[in-house]
Ligand code: BG6
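In full-length UniProt numbering, the protein residues as written are 3 to 471.
1) Which value, in whole angstroms, describes the spacing of the CA atoms of residue 97 and residue 385?
2) How about residue 491 and residue 359: do their beta carbons lie closer than 8 Å?
3) Quick check: what's the CA-CA separation for residue 138 versus residue 206?
4) Compute the distance between the beta-carbons of residue 304 and residue 369, then report whether it is under 8 Å.
5) Can you name, in chain order, every residue of its own chain whose Cβ lies under 8 Å from the Cβ of residue 440, other than the five neighbours on each side?
6) Is it buried or exposed, residue 172, if we count other Cβ atoms within 10 angstroms and call 16 or more buried?
7) Considering only the beta carbon of each residue, do residue 2 and residue 420 sit closer than 8 Å?
8) In chain order, what residues of the same chain have a beta carbon less than 7 Å from the beta carbon of residue 6, not counting five sequence neighbours either side?
9) Taking Cβ to Cβ, would you say residue 230 is nearer than 8 Å to residue 246?
10) Would you decide whether residue 31 is buried or exposed? Buried here means 16 or more other CB atoms lie within 10 Å of its CB.
11) Which residue from 361, 159, 378, 278 puts its Cα closest to that of residue 291?
12) Any idea if residue 361 is buried or exposed, counting beta-carbon neighbours within 10 angstroms, 16 or more meaning buried?
13) Relative to the ligand BG6, is the shortest distance from any of its heavy atoms to the C-beta of residue 168 smaller than 7 Å?
14) Thinking just about the alpha-carbon of each residue, which of 221, 314, 340 is nearest to the one in residue 329?
15) Just verifying my parser: in three-state terms, what is the DSSP assignment at residue 305?
16) Please classify residue 155 as buried or exposed, where buried requires at least 16 other C-beta atoms within 10 Å of its C-beta.
17) Do residue 252 and residue 166 count as a contact pair if the criterion is CB distance below 8 Å?
18) Could you have a look at residue 320 and say whether DSSP puts it in helix, strand or coil?
19) With residue 335 and residue 346 assumed to form a contact (beta carbons below 8 Å), what rounded beta-carbon distance in angstroms separates them?
20) Relative to the C-alpha of residue 364, which candidate in 371, 133, 293, 454 has its C-alpha closest?
21) Under 8 Å, do residue 70 and residue 200 count as touching if we go by C-beta distance?
22) Check whether the Cβ of residue 36 lies closer than 7 Å to any heavy atom of the ligand BG6, and answer yes or no.
23) Could you check where the beta strand (DSSP E) with residue 218 kicks off and where it finishes?
24) Would you check if the distance between the CB atom of residue 1 and the CB atom of residue 219 is smaller than 8 Å?
25) Let's test the definition: count the other Cβ atoms within 10 Å of the Cβ of residue 114 and tell me whether it reaches 16, buried, or not, exposed.
26) Roughly how many angstroms separate the alpha carbons of residue 413 and residue 14, rounded to a whole number?
27) Is DSSP giving residue 363 helix, strand or coil here?
28) Would you call the stretch 135 to 150 and the stretch 85 to 95 in contact, with 3 or more CB pairs under 8 Å?
29) Helix, strand or coil for residue 28 per DSSP?
30) Counting along the chain, where does the beta strand (DSSP E) carrying residue 295 start and finish?
31) Residue range of the beta strand (DSSP E) that residue 52 falls in?
32) Tell me whether residue 441 sits in a helix, a strand or coil according to DSSP, three-state version.
33) Starting from the C-beta of residue 320, find all residues in its chain whose C-beta is less than 6 Å away, skip the five residues before and the five after it, and write them out in chain order.
34) Does the ligand BG6 have even one heavy atom less than 7 Å from the beta-carbon of residue 297?
35) Report back the beta-carbon spacing between residue 487 and residue 117 to the nearest angstrom; my notes put them in contact at under 8 Å.
36) Is the beta carbon of residue 306 sitting closer than 8 Å to the one on residue 260?
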């Protein structure tokens, strides 16, 4: 380790959450329902009424983050707490809550890193067509301007849309992408919605720079390198295809304002290229992120499609599909182990992903998620011995350091999650936090907080700026 470059001074050591997964109080104090509140709750999992009850426990939670030495806390703002209907009247209690949360962070010198949209479209806007409605661009920009106006004096780091690529690839699985009834070309519909999100993001970035010249803003896709299954040239082409569809489409657009050519031509084949509204092209070209925020969990591995992949416009993510016809076929990577929930574990792939991103975009990078979902046990004496999580985080942090040593510019590490919360579709039992929350899937327990062994370990990592892993 000693030979490697050190982590930069002022590196943002922290962790992440999202509003709908952590806050609870989902219809309290004037908050309107989001698409997450009205969707069917996946079988065997809790609903979102309480979650970790962060809404009522945020002071205690931030005190624990401060005890671990957090330099940053990445959280999202629930659109429907601010605008219960998505547009129109502002809910002052929502503004008050996030003011309090931000001020509480600042009290301890914790930098608030705010995600503007994390899978929680207002239900009222869903009824108006959600991202399929071209007006969605203006809805989002209006929401953004309210955030900048109310919180921009204290929030210096902004993230636009969390994992837009996952919304596009597996949105219906996360419960957030709606295909209007009667849609004939589903692929075109999905990429039209994706286009609206890209334009909305571009306009929000420009607005942020206009309203808050000191602030920094970036996208937050889930980026992970796609490997070819073998050195067979056809497998390399398949890996390039999926890299383009999964990763580069989003960053080429966010950074350079251009559509990735491989993706564009693939869409063209199915008459599925998005329609541009007047001004879209300029809006995209004018937007420039200050950094790239990204989530990393694991790499993907693909081979050439052998003709066995059926045409399915939804589901290009390796966790949830077999591949995309004519483009690639997902395969297991035999070199990698898996989590209890079946996700591949690839710390070296983290380094590879960072290196590749830096070569392509030359922007500083902020890790906005990374982490291990596992079953945790609270012992009778109030401990959580999550050595498996320590090992996972240790290996990944080590690879960030390798990447820094390779020349990559890294701003911070904010793994998932600061505190136990509800997973996207596997409930409360799949825990990620440094802070344990005493509740089960359906039994709300005491909601008492405990630092896990990983929390004590992370404290030491932060105190030594990553030298003591
Ligand atoms: C990311 C999301 O996809 O991964 C989070 O941004 C999510 O919202 C996290 O919780 C872990 O995924 P999961 O499905 O285990 O909750």
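Heads up, the beta-carbon is just placed ideally off N, CA and C, and yes, glycines get one too.
These numbers come from a predicted model, not from an experiment.
Taking the structure as given:
1) 36 Å
2) This structure cannot settle anything about residue 491, because the visible part of the chain is limited to 3 through 471.
3) 12 Å
4) no
5) 380, 447, 448, 449, 450, 451, 452
6) buried
7) There is no way to answer for residue 2, as the model of the chain reaches only from 3 to 471.
8) 403, 404, 407
9) no
10) exposed
11) 159
12) exposed
13) yes
14) 314
15) strand
16) exposed
17) yes
18) For residue 320, the predicted structure reports a pLDDT of 45, less than 50, and the residue's modelled location is therefore unreliable. A value from the coordinates is still provided. If DSSP states are grouped into helix, strand and coil, residue 320 belongs with coil.
19) 6 Å
20) 293
21) no
22) no
23) 218 to 222
24) No information on residue 1 is available, as it lies outside the stretch 3 to 471 that the chain covers here.
25) buried
26) 6 Å
27) helix
28) yes
29) coil
30) 294 to 297
31) Residue 52 -> no beta strand (DSSP E), and no H or E assigned at all.
32) coil
33) At residue 320 the pLDDT is 45, less than 50, meaning the model places this residue with poor confidence; the figure from the coordinates comes in the next sentence. Taken in chain order, the residues that qualify are 302, 332.
34) yes
35) Because the chain spans 3 through 471 in this model, residue 487 falls outside it and cannot be assessed.
36) no
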